[in-house]
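Taken in order, the sequence shown gives residues 2 to 631; the numbers are from our numbering.
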Amino acid sequence: MSEQVIKLLEDRDHCRLRKGMYIPNVNYSVYELVDNAVDQYIAGYGNIINVTIETDGALTVQDFGQGLPVKPSPDVPEMSQAELALSRLQAGGKFEQNGIKSAGLNGVGASCINFLSDYFYVRISKGDKHYGLDFEKGLVVNKLYEAEDVAEYYPNGETGTIISLIPDPEIWNEEEIVFDINAIKLRLKQLTYLNPGLTINFIVEDYNGFNINESYLAPEGVKTYVSELIGKKPMLLEDVLYVSQAIDNIDIDIALAYTDSHDFNVIAFTNNVPNTDGKSSHLVGFKAGLADSLKDYQVNSSNKAIKNPITAEDTREGIIAVISIKVEDPNYIGQGKDYLNMPSVRKATNTVIKEYMEDFYDKNPNSAKVILDKALDAQRVREAVRKAKDTARKTKGIGNGPKPEKLVKCVSKDPDECSLWIVEGDSAAGSAKNARNEQIDAIFPAFGKINNTYNYDTDKVAVSVKLLDVIKILECGFGADFDIEKLRYNKIIILSDADVDGLHIQCLWACFFWKHMPQLIENGNVYFAVPPLYSIKQGKNMTYAYSDTQRDEIMETMTGKYEVQRYKGLGEMNWQELKASTMSTDNRVLIQLTNNDLAWCEQILDTCMNDKSIVNRKESIMSDDVYELV
């Protein structure tokens, strides 16, 4: 037996071979380069960033910072520091704990983007001298050289860095190589909200149907961000509240508004990085400080003993807020930077918001009464809901009782390995029953569409047979009785036709789980199955395509005769095809329903599903401010 050869890959080769480990998509080429430019702004150098995407997909990011360092590297003398930073992993300047840094990828991002680019050209202005540095496919082709033409981009002797690139088509396929312009636009605007005084100019030159020439500047920072998030929701107070304070070397910016809604939407950031877990230290501190200030106000403003004081939950209703902190050396749990764990940040944020709100109540007694009345209304509703749930449990038995007869159970009793397939109609359910892995797959046919449950209360859910059937099958309870530990199936998979009606069914189920069983989404239990659009048959071999592009790619590889079928619905598949294409764990495609951006999700659902909020839904959805969100 021969010995196994262990191969050590260089940084460039590993990035090109396993790009997904480093860069999720080509948009991160923009994000990483812009984040580096924002670092310069945070450090006090340059307040303008220019981002350009040209017709052929070429990206250019220009800043007016210090300019990449050009002196020889102490560690690798044959390289300039600029070349080292852009061609070696773990060689970035963000490891130095000498100031606040933005998101970044800890010395990995810019280098990986270089490795994954067809070309990557760097131009550096040091004011009186100008330099160039050229890479192709991650390899240096022109080491640092003088480039006098750079002066035209810095006509007044400014300093800065320009990076131009185009993603490498050898690495990114046709679908992957396309920039998501709307996502980039939202991120650039977001960065100006989080960094007041920073201007980002965004130019898109006839790229993929987009022509943009816009400038983003938010002098009022996160206050402007909250105003954008409010949208058309009625406000309880005339203005957005705002506090900015530095405490214990932590810069804290908080903007919040009270709206006439029942939701609590807070977006938290650390050094421009969104923290989406809901447990980050500054979010915990904010909620506690906000609650304590209003509970104290209730006690101090009352002339008699309070029999039923408001709770922390009551104080949050109707709030839309953005919390942005900047701190040196943030301590995250996990690689995704979703969860900031710093007791000092929790304490500082708690102090800042509590003191601010206490002062606001003292100076604005009428507004304080409005806020307290909102909390008292929430308290009354909470108590009413509790009583309604008690009644419902006694009289209607939400989540209890026998399972529906149409449920096809699986053999396994281990919830972790079991899936519940909610299937559109009896016909598809029959095929799914035969196609399933009976050991782990349960099938439930939900004939027809469920109702839009966005504005449903507990009692209305309790009288819906279709919804009750699913609640009973899941076995984890409902509302106050919900217990995710009792969930019978780890995966809840919605299987519907790949057409408009199927998408509508998915949206209705998504709305139900979001509004009434959000813990399932937070825990990652809800999925949409993606059936194929086409089958390509050649002889006894069958291949499935899930998009027009994939179909064309498969057809290009084939010689001889073959047949292409376009599926109009699940009913056109026999059970063997359904198994091979959609239900087999080896081949299936699932989309996990997540809530990474709570405010964005709620705004979309409110716009599309809330009959009480918008009269002319079509006109509203097609308006510029909403269309950008979707």
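Where a beta carbon is used, it is the ideal one built from N, C-alpha and C, also for glycine.
- In its chain, beyond the 5 residues on either side, Ile493 have a beta carbon closer than 6 Å to the beta carbon of Asn526.
- The criterion of a C-beta distance shorter than 8 Å is satisfied by Leu60 and Val31.
- If one requires a minimum length of 3 residues, the beta strand (DSSP E) runs lying completely within the stretch 300-332 are 320-327, in chain order.
- For Phe136, the enclosing beta strand (DSSP E) begins and ends at 131-137.
- Where Glu557 is concerned, there is no enclosing beta strand (DSSP E), although the alpha helix (DSSP H) around it starts and stops at 549-557.
- Of Thr277, Leu341, Leu377, Phe270, the smallest CA-CA separation from Gly319 is found for Leu377.
- Under the three-state reduction of DSSP output, Thr225 falls in the helix class.
- Phe65 places its beta carbon 8 Å or farther from that of Thr200.
- Shown here, Arg347 sits in a helix according to DSSP, grouped into three states.
- In the three-state reduction of the DSSP assignment, Pro403 falls in the coil class.
- For the 8 Å CB-CB criterion, Ser368 and Val223 do not form a contact.
- With a cut-off of 8 Å on Cβ pairs, the stretch 215-232 is not in contact with the stretch 349-362, counting fewer than three such pairs.
- For the pair of segments examined, the stretch 36-51 was found not to touch the stretch 176-185: the number of CB pairs separated by less than 8 Å stays below three.
- In this model, Tyr259 and Gly449 are separated by some 39 Å (Cα to Cα).
- Distance between Ala289 and Leu408, taken at the CA atoms: about 44 Å.
- In this structure, the beta-carbon distance from Ser413 to Gln440 falls below 8 Å.
- Taking a cut-off of 8 Å for Cβ pairs, the stretch 286-300 and the stretch 200-214 do not touch, as fewer than three such pairs fall below it.
- Taking 8 Å as the upper bound for CB-CB distance, Leu341 and Thr271 are in contact here, some 5 Å apart.
- Assigned with DSSP and collapsed to three states, Phe116 falls in helix.
- Separation of the CB atoms of Lys404 and Ile474 is rounded to 6 Å, and the pair is thereby assigned contact status at 8 Å.
- Every alpha helix (DSSP H) of 4 residues or more that sits fully in the stretch 448-487 is shown, in chain order, as 459-463, 466-475.
- Between Ser282 and Pro344, the CB-CB gap stays under 8 Å.
- Across the set Thr162, Arg317, Ile321, the C-alpha of Arg317 shows the shortest separation from the C-alpha of Asp374.
- Excluding sequence positions up to five before and after Leu521, its CB lies within less than 7 Å of the CB of Ile493, Phe514, Val527, all in the same chain and listed in chain order.
- Ranked by Cα distance from Tyr545, the first of Glu523, Tyr226, Gln577, Asn524 is Gln577.
- By the 16-neighbour rule on beta-carbons within 10 angstroms, Pro366 is exposed.
- Exclusion of the five residues before and after Thr162 leaves Asp64, Gly68, Leu69, Ile125 as the residues of its chain whose Cβ lies within less than 6 Å of its Cβ.
- Less than 8 Å separates the beta-carbon of Thr454 from that of His517.
- In the three-state reduction of the DSSP assignment, Ser582 falls in the helix class, which pools H, G and I.
- The residue from Cys477, Ala447, Asp482 with its alpha-carbon nearest to that of Ser465 is Ala447.
- If you look at Phe513, you'll find it in the alpha helix (DSSP H) that goes 501-517.
- Comparing C-alpha distances from Asp240 to each of Gln246, Asp252, Ala247, Thr225 shows the shortest one belongs to Thr225.
- Counting along the chain, Tyr32 sits inside the alpha helix (DSSP H) bounded by residues 28-43.
- Relative to His15, the option among Asn115, Glu557, Ile334 whose CA is nearest is Asn115.
- The shortest C-alpha to C-alpha distance from Tyr132 to any of Gly139, Tyr120, Ala148, Tyr122 is the one to Ala148.
- By the CB criterion at 8 Å, Leu117 and Ile24 fall inside the cutoff.
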